[in-house]
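Q:
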Amino acid sequence: MKFFIDTANLNEIREAHDLGVLDGVTTNPSLMAKEGITGKDKILKHYKDICNIVDNNVSAEVIATDFAGMIREGEELAEIDEKIVVKIPMIKDGIKAIKYFSEKGIRTNCTLVFSAGQALLAAKAGASYVSPFIGRLDDVATDGLDLIEQIVTIYQNYGYETEILAASVRHPMHIVKCAELGADVMTGPLSAILALLKHPLTDVGLEKFLADYRKGNA
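The sequence shown begins at 17 in the numbering used here and counts up by one.
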């Protein structure tokens, strides 16, 4: 499973990269705004700054919702760096744009996916990644993991190459369950990734090892 971090914070990206397990970054307009990154020139520069940290897979989202606008913005984003994956919303013109970019060899991430039918359309259009938002489904009393399972089954049935990117991951068990179900990628906050490190028995065991060492080597 690939690990992406869902943030525009450069310090968090560096920390995840230094951990040695980071495969990519996902961003969106909300995450950019959270970091105070506003204005086209600053946003484009920030994407380049992110690309300079990670090895590959930086999802950069278009703002336009019409076909022509998405193509214009997507091509501009793709020119920033070969690591850029153009993030396209799951709407009618978005599917058209994904097909266009697929034929041009530009990678895409279809975002805001909440149903298996949407994921099927994205795969047929040639999306590189499809992003089902499991946390947001959980928020409305729907099991987001059920959607991951459905998409895995459908893609395996027909051999689609689109990778399933479990998005809106909130906690470590989301990550573990998505791995069990066969999601190709997870994206979530640094806190969820770091939480995988923790177990009380690890802490207890390490303290005992160190205590025993101190007794014999005082």
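C-beta: ideal position from N, C-alpha, C; glycine also. For clarity, every value in this text was computed on a predicted model and none was experimentally measured.
1. Roughly how many angstroms separate the alpha carbons of lysine 99 and isoleucine 107, rounded to a whole number?
2. Give me the Cα-Cα distance between threonine 54 and arginine 88, rounded to the nearest whole angstrom.
3. Out of curiosity, what's the CA-to-CA distance linking asparagine 73 and glycine 36?
4. Helix, strand or coil: how does DSSP classify asparagine 72 here?
5. Identify the continuous alpha helix (DSSP H) that holds methionine 48 and give its terminal residues.
6. Are threonine 124 and isoleucine 150 touching if we call contact CB-CB under 8 Å?
7. Identify every residue that forms a DSSP beta bridge with tyrosine 145.
8. Where glycine 40 and threonine 127 are concerned, what is the direct C-alpha to C-alpha distance, given to the nearest angstrom?
9. For a quick check, are the C-beta atoms of lysine 18 and valine 201 less than 8 Å apart?
10. On the DSSP bridge list, what partners appear for aspartate 97?
11. With a threshold of 16 other CB atoms inside 10 Å of the CB of glutamate 177, please say whether the residue is buried or exposed.
12. What separation, rounded to the nearest whole angstrom, lies between the Cα atoms of valine 102 and glycine 133?
13. With C-beta atoms as the reference, is leucine 47 less than 8 Å away from alanine 24?
14. Measuring alpha carbon to alpha carbon, tell me which residue in Lys231, Ala76, Gly90 is nearest aspartate 82.
15. If you count every other CB in all the chains shown that lies within 10 Å of the CB of asparagine 233, and 16 or more means buried, which is it?
16. Where does isoleucine 59 fall in DSSP's three states?
17. May I have the straight-line CA-CA distance separating leucine 93 from lysine 231, to the nearest angstrom?
18. Mind checking which residues open and close the beta strand (DSSP E) that includes methionine 202?
19. Need the endpoints of the alpha helix (DSSP H) that threonine 218 sits in, please.
20. Taking the Cβ atom as the reference point for each residue, do glycine 138 and isoleucine 114 lie within a distance shorter than 8 Å?
21. Considering only residues of the same chain and omitting the five flanking positions on each side of tyrosine 116, which have a CB-CB separation below 7 Å?
A: Reading from the atomic positions:
1. Here residue 99 corresponds to residue number 83 of the sequence shown, with the count starting at 1. Here residue 107 corresponds to residue number 91 of the sequence shown, with the count starting at 1. Going from the Cα of lysine 99 to the Cα of isoleucine 107 covers about 24 Å.
2. As a first step, residue 54 is located in the sequence shown; it is residue number 38 there, counting from the start. As a first step, residue 88 is located in the sequence shown; it is residue number 72 there, counting from the start. Threonine 54 and arginine 88: Cα-Cα distance of roughly 19 Å.
3. The residue labelled residue 73 in the question sits at position 57 within the sequence shown. The residue labelled residue 36 in the question sits at position 20 within the sequence shown. Cα-Cα distance, rounded: 15 Å.
4. Translated into the one-based positions of the sequence shown, residue 72 becomes position 56. Assigned with DSSP and collapsed to three states, asparagine 72 falls in coil, not helix or strand.
5. Here residue 48 refers to the residue found at position 32 of the sequence shown. Looking at the DSSP string, the run of the alpha helix (DSSP H) that includes methionine 48 is 45 to 50.
6. By one-based count along the sequence shown, residue 124 stands at place 108. By one-based count along the sequence shown, residue 150 stands at place 134. Contact: no.
7. Taking the first residue of the sequence shown as position 1, residue 145 is located at position 129. Partner(s): Asn125, Glu179.
8. The count along the sequence shown starts at 1 and reaches residue 40 at position 24. The count along the sequence shown starts at 1 and reaches residue 127 at position 111. Their backbone Cα atoms lie some 16 Å apart in a straight line.
9. As a working note, residue 18 is residue 2 in the sequence shown. As a working note, residue 201 is residue 185 in the sequence shown. Yes.
10. As a position in the sequence shown, residue 97 is number 81, starting the count at 1. For aspartate 97, which the question treats as bridged, DSSP gives no partner whatsoever.
11. Here residue 177 refers to the residue found at position 161 when the sequence shown is read from its first residue. With fewer than 16 other Cβ atoms within 10 Å, it is exposed.
12. Working through the sequence shown from its first residue, we reach residue 102 at position 86. Working through the sequence shown from its first residue, we reach residue 133 at position 117. Approximately 21 Å between the Cα atoms of the pair.
13. Here residue 47 refers to the residue found at position 31 when the sequence shown is read from its first residue. Here residue 24 refers to the residue found at position 8 when the sequence shown is read from its first residue. In contact: leucine 47 and alanine 24 (Cβ atoms closer than 8 Å).
14. Residue 82 sits at position 66 when you count from the first residue of the sequence shown. Selected option, being the one with the closest Cα: Gly90.
15. Taking the first residue of the sequence shown as 1, we reach residue 233 at position 217. Exposed, because fewer than 16 other Cβ atoms sit within 10 Å of the Cβ of asparagine 233.
16. Here residue 59 is taken as the residue at index 43 of the sequence shown, counted from 1. Residue state, collapsed to three classes: helix.
17. The residue you call residue 93 lines up with position 77 of the sequence shown. The residue you call residue 231 lines up with position 215 of the sequence shown. Each residue's Cα considered, the two are about 59 Å apart.
18. Taking the sequence shown and counting its residues from 1, one reaches residue 202 at position 186. Annotation for methionine 202: the continuous beta strand (DSSP E) segment containing it runs 201 to 204.
19. Residue numbering aside, residue 218 sits at position 202 when the sequence shown is read from its first letter. That run of the alpha helix (DSSP H) goes 216 to 232.
20. In the sequence shown, the residue the question calls residue 138 occupies position 122. In the sequence shown, the residue the question calls residue 114 occupies position 98. In the sequence as presented, glycine is not what sits at residue 138; that position holds alanine. Closer than 8 Å, so yes.
21. Translated into the one-based positions of the sequence shown, residue 116 becomes position 100. So the qualifying residues of the chain are Ile87.
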